[in-house]
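Below is one structure, written out as structure tokens; the observations come after it.
Protein chains: 2
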Amino acid sequence: MNIAIIGIGLIGGSLALSLRGFETHIIGVDINKKNSEEALKLNLVDEILPLEQAVKKANLVILAIPVDSARKLLPIVLDNINENTVVADMGSTKDGICSAVSNHPSRKNYVATHPIAGTENSGPSAAFSGLFKNKTTIICEKEKSADFAINLVEKMFNLLEMNIIYMQANEHDRHIAYVSHISHITSFVLGITVLGIEKDEKKIFNMAGSGFASTVRLAKSSPDMWAPIFEQNAENISVALDAYINNLQSFKNIINKQDTKQARKLMKQANDIRRILSGIE
Amino acid sequence: MNIAIIGIGLIGGSLALSLRGFETHIIGVDINKKNSEEALKLNLVDEILPLEQAVKKANLVILAIPVDSARKLLPIVLDNINENTVVADMGSTKDGICSAVSNHPSRKNYVATHPIAGTENSGPSAAFSGLFKNKTTIICEKEKSADFAINLVEKMFNLLEMNIIYMQANEHDRHIAYVSHISHITSFVLGITVLGIEKDEKKIFNMAGSGFASTVRLAKSSPDMWAPIFEQNAENISVALDAYINNLQSFKNIINKQDTKQARKLMKQANDIRRILSGIE
């Protein structure tokens, strides 16, 4: 089977590595020449081809590029595929891309997915084969994809040892705003805030420990990947951020009043996150 | 040397384990009977004694208890020590405790410290011997402690392989609000926010990945430890949280306007956190 992976970064590269056992020929496509060369050198892909040639040759096309590029490119990819080619994207927003192809004659060849996997690093050199193992992946609008397309994509996720869940695209975007998008924003903004203080207090980071590191880790994430996600999911993120900022204001008021009893009560509620994290850490 | 450790939880227990090589007899003190029994069972301490007996017997007394208890207990401990006994606390706020003993006749026997080490877990079973290694520790108001007291505490931190830095108590509290206290608050509040959504959306956490886990990890932290820290450092935390909330509001406005160029610019600034984290992760 020929698999074309468009975008050989952390996600595309890790997927390429993981699909080696799928008895496949992996074709890489990347507009960045340096990435293409690196992907070949790191043996992530068998060959690099231009987009159109890769799509023509492939049985399965994966888009692993920023969500703005994916939304633009998906209709073009669908224009160029063969009748039995399956196309999937891996983006962190689903409503915009699904809408962009809802009336495309080859809509049924496309499967909208989002593997909940990643790190704060990017580019081909960040790729590793265990990235997807035991993680969750989401398939949206399953009913709009042909059975042969869903079957192939499910087979791929099973090979990656992922847990598949199904939902509508707008439901995905609403929920992911809370459990992924705002945690990236809280991290970016924590980074910006403390870096701002550092201008006057050069040594402040000598005092930072592992707790700070954990909370701010996502501030290392790629702006090129995240800016279009925030743009496409602006409405849901805004609602989630309002809830977060309101809770933060309430917590600040409690601290200002030195209402230790209430602070303790809220933190005990927050401790319930242990139940959740035991499943994903 | 007899070392009394008051509070045999994560910090006190880890310290006890680490000081085994210090040719010491470790005396544990804990108002929680279950913790005392567990500390003996886990072999963290050589014996458990009541506070006054332990203090009388010790050459070095370490307070590893919540900062409200430490502030109350430190004057009592200093009332009961011998002339050459050294006392140190390990709390995450320093101004309150230093003020509480600034006029105590034995002030010079006391060293105000804060090892920047910890995890989101607590209690004797959370203790481990490598907790302090290669981490930073802070000594405040060095000039108010006797040389013999500073020397012993420095010797201890050197044995723990910690990097010692010195500052004033109010400076410590102002800075630590940014690099520790507000990251705990952003985590607690993220936990509260998403747990609030879960009431209506039972399956939302199926979609949470390692990024969310990292950002929300500190929400597992002990309310008994953190509530008094927030109380004692309320003023500095409030200023730091204002800066954070302002930055968050600005970021939200940028997302609302879908000003992707500006979002990208801010995230690129935040990426500079890589420089910082390379030293502490």
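Protein chains in written order, with the numbering used here: chain A, 5 to 285; chain B, 5 to 285. Ideal Cβ positions, reconstructed from N, Cα and C, are used throughout, including at glycine.
- Chain B places a beta carbon closer than 7 Å to that of H179 of chain A, counting this residue as a contact.
- The residue from A:Q273, A:D276, A:L46, A:I15 with its alpha-carbon nearest to that of F136 of chain A is A:I15.
- D263 of chain B sits in coil when the DSSP states are folded into three classes, being neither helix nor strand.
- Judged by DSSP in its simplified three-state form, D50 of chain A adopts coil rather than helix or strand.
- Think of a sphere of 7 Å around the beta carbon of F216 of chain B: the chain A residues whose beta carbon falls inside it are V183, S184, S187, in chain order.
- Taking the CA atoms as reference points, R24 of chain B sits about 23 Å from N36 of chain B.
- Here the alpha carbons of S106 of chain A and A131 of chain B stand approximately 56 Å from one another.
- Take the alpha-carbon of R75 of chain B and the one of G100 of chain B: they are about 7 Å apart.
- Exclusion of the five residues before and after S40 of chain B leaves D34, I52 as the residues of its chain whose Cβ lies within less than 6 Å of its Cβ.
- Residues of the stretch 130 to 148 of chain A with a Cβ closer than 9 Å to any Cβ of chain B, in chain order: K139, T140, I142.
- Counting C-beta pairs with one atom in each stretch, the stretch 157 to 171 of chain A and the stretch 191 to 200 of chain A have fewer than three that are closer than 8 Å, which means they do not touch.
- Put simply, the backbone Cα of N6 of chain A is about 23 Å away from that of K146 of chain A.
- Nearest in C-alpha terms to V81 of chain A, of all of A:A62, A:P70, A:S96, is A:A62.
- Less than 7 Å divides the Cβ of A267 of chain A from the Cβ of A231 of chain B.
- Taking Y248 of chain A as the centre and dropping the five residues before and after it, the same chain places the C-beta of I186, T190 closer than 8 Å to its C-beta, in chain order.
- For R268 of chain A, a Cβ of chain B is located within less than 7 Å of the residue's own Cβ.
- In chain order, K256, I259, N260 make up the part of chain B whose C-beta sits under 7 Å from the C-beta of S242 of chain A.
- When the beta-carbon positions are compared, N138 of chain A and E165 of chain A come within less than 7 Å of each other.
- Against chain A, a Cβ distance below 7 Å from R278 of chain B picks out K224.
- Within chain B, I259, N260, Q262 have C-beta atoms less than 7 Å from the C-beta of A238 of chain A, given in sequence order.
- Taking each of A:G32, A:L270, A:L245, A:K60 in turn and checking the Cα distance to D50 of chain A, the smallest one comes out for A:G32.
- Put simply, the stretch 267 to 283 of chain A touches the stretch 208 to 220 of chain B. At least three CB pairs are less than 8 Å apart.
- For A92 of chain B, the beta-bridge partners assigned by DSSP are B:I66, B:V115.
- Here A153 of chain B is actually not in contact with T117 of chain B; their C-beta atoms are around 11 Å apart, not less than 8 Å.
- When 8 Å is used as the limit between beta carbons, I35 of chain B is near no residue of chain A, the shortest such separation being about 18 Å.
- Along the stretch 151 to 163 of chain B, none of the residues has a CB nearer than 8 Å to a CB of chain A.
- By the criterion of a C-beta distance shorter than 6 Å, E124 of chain A is surrounded in its chain by R221, L222, K224, S225, once the five residues flanking it on both sides are discounted.
- In this structure, DSSP gives T97 of chain A a state outside helix and strand, which the three-state scheme calls coil.
- Close to A212 of chain A, with beta-carbon spacing below 8 Å, are these residues of chain B in chain order: I120, V183, S184, I280, I284.
- In this structure, B:I9 is the residue among B:I9, B:S184, B:P70 with its C-alpha nearest to the C-alpha of Q57 of chain B.
- Within the stretch 150 to 225 of chain B, the complete alpha helix (DSSP H) segments at least 4 residues long are 151 to 163, 173 to 180, 186 to 202, 214 to 220, listed from N- to C-terminus.
- By the rule that beta-carbons nearer than 7 Å mark a contact, S22 of chain A does not touch chain B.
- Only residues of its own chain outside the window of five on either side were considered, and among them L135, F136, K139 have a CB closer than 6 Å to the CB of A121 of chain B, listed in chain order.
- About 6 Å separates the beta carbons of N210 of chain A and I169 of chain B, which is inside the 8 Å limit, making them a contact pair.
- Contact between V90 of chain A and V71 of chain A is ruled out by a C-beta separation of about 20 Å, above the 8 Å threshold.
- Cα atoms of I233 of chain A and K207 of chain B: separation of roughly 22 Å, rounded to the nearest angstrom.
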